[in-house]
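Asker: Going letter by letter, the sequence shown gives residues 1309 to 1405 in our numbering.
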Amino acid sequence: MEQKLISFIFVTEKKRFIRWKRQAEKNNITLQEWIIKKLNSDVKVVYKKVKLQKDIPKDEQWFIRLSTKSEFKGYWVYCSRSDEKKLVEWITCKLDS
1309 MEQKLISFIF
1319 VTEKKRFIRW
1329 KRQAEKNNIT
1339 LQEWIIKKLN
1349 SDVKVVYKKV
1359 KLQKDIPKDE
1369 QWFIRLSTKS
1379 EFKGYWVYCS
1389 RSDEKKLVEW
1399 ITCKLDS
């Protein structure tokens, strides 16, 4: 049976994008691989204030497109909802942890 891949986009600030990109380069993997690996890790999420898309100035918005297995995204949605957070808040805080 073929695995279905889904794609979704989330918005972050330019400085976060650059920091995450550097961490991925340091590990010699793509940004997408680094994000998926980090989100599926056992790292404890440390919640901080996260700017949502409407709060980020247009020239500071960076869109990140992820293509992953639907099971992964389902798990991420479950984790964010069980912590009573929006998915983008959970993703941002998990990547910053």
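Quick reminder that beta carbons are idealized off the backbone N, C-alpha and C, glycines included.
Just so you know, these numbers come straight off a predicted model, no measurement behind them.
Evaluate Ile1317 with the Cβ neighbour count: other Cβ atoms within 10 Å of its Cβ, from every protein chain shown; 16 or more gives buried, anything less gives exposed.
Answerer: exposed
Asker: Would you decide whether Leu1403 is buried or exposed? Buried here means 16 or more other CB atoms lie within 10 Å of its CB.
Answerer: buried
Asker: Kindly indicate the opening and closing residues of the beta strand (DSSP E) around Glu1321.
Answerer: 1313-1321
Asker: Closest to Lys1352 by CA distance: which of Cys1387, Glu1333, Gln1331 is it?
Answerer: Cys1387
Asker: Please tell me whether Ile1314 and Lys1394 are closer than 8 Å, where the distance is taken between their beta carbons.
Answerer: no
Asker: State the DSSP-derived secondary structure class of Lys1377, mapped to helix, strand or coil.
Answerer: strand
Asker: For Trp1370 versus Lys1322, is the C-beta spacing smaller than 8 Å?
Answerer: yes
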